[in-house]
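Structure first, then comments.
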Amino acid sequence: MRMRAAVLEEFGEPLVVEELELTDPREGEALVRLVACGVCHTDLYTASGVDPSGYAPSVLGHEGGGVVEAVGPGVSSLAPGDHVVTLFSPQCGECVHCRDERTNLCLAIREQQNKGYLPDGSTRLRRDGEEIRHFMGTSTFAEYTVMPEIALAKIDPEAPLDRACLFACGLSTGLGAAINTAQVREGSTCVVFGAGMVGLGAVAGCRLRGAERIICVDLSEDRLGLATGQGATETMLGGDDVVDGGKIVSETDGFGADYTFEATGNVAVMRQAVESARMAWGLATMAGVAGKGETLDVIPRLLITGRRIAGSSFGGVKGRDGVPKLVDLYMRGEIDVDPFISHRIGLDDVNRGFELMDAQDGIRSVIEFN
Ligand SMILES: NC(=O)c1ccc[n+]([C@@H]2O[C@H](COP(=O)([O-])OP(=O)(O)OC[C@H]3O[C@@H](n4cnc5c(N)ncnc54)[C@H](O)[C@@H]3O)[C@@H](O)[C@H]2O)c1
Ligand SMILES: [Zn+2]
Ligand SMILES: [Zn+2]
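Residue numbers for the sequence shown follow my numbering, so the first one is 1381 and each next one is one higher.
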């Protein structure tokens, strides 16, 4: 079929919206008509050329929500008409990691996905016979996409897809960091560094787990306002004095917080998250992605005295099981998604979505397809 998509032709250049050929889903794959898709930093990071693992030409986009239109042979868990959220982190249900409750890092299709191919090592995207690669296994800046069944989470068909698509990435990452990775205990004190999509999700996750105090730290007053809306009980402007000047420690009975979360991607802030975790049992969870080659500096004594550090990819959420449950929480009114959507744009405006993000104008631009 023919369809329109935003193609990364050359790193550092605007995406080009054009018609491409999309071939039929093969064994274990489904054709999805996109209804909405969030524009995320990871798309921009790859488009800019800074990401060393990026490839072009490719169709970017990974925060998709859509409807299954057709399925290939052997697909048993999806049918035409199903509403789905796309997963850059699949859940095959069979690999050693999928069978273990401790992780969501499915091993099934990583190698091909990292190279821009579907699991059988080929692409469904073509332009005049030329192969166009699939970004993150999703390629959702497009009217349609073909994806593996194991990378599509079937959600409540009543859930509006323009909101549900945000569960494809940052929101689930933040929620899951608090709910799955840290498993925040009721009554505890939490500090969340960063109030972007991920940090705000972590604030909401801490609230859902019954935290008593949730301190959110960011550089932007506007974003701290959003954090309050998601359940932060206190907010604080970020900077060196947050930890060195003793602000967090003095705010938390001299000990530090039971749980801290890093959602900025800055390694200096990661260090702050470790240093503001409480002695004896404080757990610092890293959700931010640092630049290539950067390292986290930690004084080992902090660990001997009981602090722990965890990393969290996609919030530890096993996508096919976990995303529908998070969407259900949203449908029950327990997660307020609307404040995250700052702009609604068409596919042709995808580059404006990048500009808005660069200018930190709002949390998410959502592309709507009609
Ligand atoms: N682990 C995962 O699976 C996963 C998934 C998605 C995104 N991420 C990563 O999570 C991070 C956050 O993503 P996002 O979409 O929320 O980004 P974002 O840029 O929207 O938000 C980051 C926030 O951090 C704040 N900030 C910057 N410096 C700070 C400081 N010194 N102190 C306090 N706050 C500071 C900014 O003001 C901003 O509000 C990024 O590194 C992203 O790559 C990780
Ligand atoms: Zn993303
Ligand atoms: Zn697996």
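Backbone N, C-alpha and C define an ideal beta-carbon position, used for all residues, glycine too.
The alpha helix (DSSP H) enclosing Cys1370, as first and last residue numbers: Residue 1370 lies beyond the range of the chain shown here (1381 to 1750); nothing can be said about it.
For Leu1555 and Glu1474, the rounded distance between their alpha carbons: 25 Å
Rounded Cβ spacing between Gly1452 and Gly1408 (contact assumed at less than 8 Å): With a Cβ gap of about 6 Å, Gly1452 and Gly1408 count as contacting.
Leu1606 - DSSP class collapsed to helix/strand/coil: helix
Whole-angstrom C-beta distance between Asp1677 and Arg1651, which should lie under 8 Å: 6 Å
Nearest candidate by alpha-carbon position, reference Met1737, set Ala1410, Gly1418 and Glu1399: Gly1418
CA-to-CA distance, Cys1478 to Leu1487, given in whole angstroms: 8 Å
Reduced DSSP category for Met1383 - H, G, I as helix; E, B as strand; rest coil: strand
Rounded separation between Val1622 and Ile1628 - CA only: 6 Å
Which listed residue (Leu1485, Tyr1497, Ser1568 and Tyr1524) has its alpha carbon closest to that of Ala1385: Tyr1524
Any 3 or more C-beta pairs closer than 8 Å across the stretch 1587–1596 and the stretch 1556–1576: Yes, the stretch 1587–1596 is in contact with the stretch 1556–1576.
Backbone CA spacing between Glu1390 and Ala1427 [nearest angstrom]: Roughly 8 Å between the two C-alpha positions.
Close-in-space but distant-in-sequence residues of the same chain around Gly1645 (CB under 7 Å, 5 per side omitted): Correct list, in chain order: Gly1668, Val1669 and Ala1670.
Inter-stretch contact (C-beta, 8 Å, three-pair minimum) for the stretch 1629–1641 and the stretch 1553–1567: yes
Stretch-stretch touch, CB-based, cutoff 8 Å, three pairs: the stretch 1511–1521 with the stretch 1387–1406: By the C-beta criterion, the stretch 1511–1521 is judged to be in contact with the stretch 1387–1406, since at least 3 inter-stretch pairs fall below 8 Å.
Proximity test, Thr1685 beta-carbon vs ligand 2 heavy atom, cut-off 7 Å: no
Distance cut-off 7 Å: Gly1550 Cβ against heavy atoms of ligand 2: yes
Asn1494 beta carbon near ligand 1 (any heavy atom closer than 7 Å): no
Cut-off 6 Å between Cβ atoms - residues of its own chain near Gly1550, not counting five sequence neighbours on either side: Met1577 and Val1578
Given Ile1530 as reference, the closest of Ser1552, Gln1493, Arg1513 and Lys1672 once Cα atoms are compared: With distances taken between CA atoms, Ile1530 lies nearest to Gln1493 out of Ser1552, Gln1493, Arg1513 and Lys1672.
Pairwise C-alpha distance: Leu1402 and Met1383: Near 7 Å, if we compare the C-alpha coordinates of Leu1402 and Met1383.
Met1616, buried or exposed, once every other Cβ within 10 Å from all chains shown has been counted against 16: Its Cβ being crowded by 16 or more others within 10 Å, Met1616 is buried.
Local conformation of Phe1641 per DSSP, three classes: strand
CB contact flag (Pro1528, Pro1470, <8 Å): yes
Pro1719 beta carbon less than 8 Å from that of Gly1609: yes
Alpha carbon of Arg1506 to alpha carbon of Val1465, nearest angstrom: 24 Å
CA nearest to the CA of Gly1702, picked from Arg1688, Ala1548 and Gly1626: Taking only the C-alpha atoms, the option nearest Gly1702 is Ala1548.
Selection from Arg1732, Arg1688, Leu1546 and Asp1741 that minimises the alpha carbon distance to Asp1602: Asp1741
Contact set for Arg1732: own chain, Cβ-Cβ below 7 Å, skip 5 residues either direction: Ile1725
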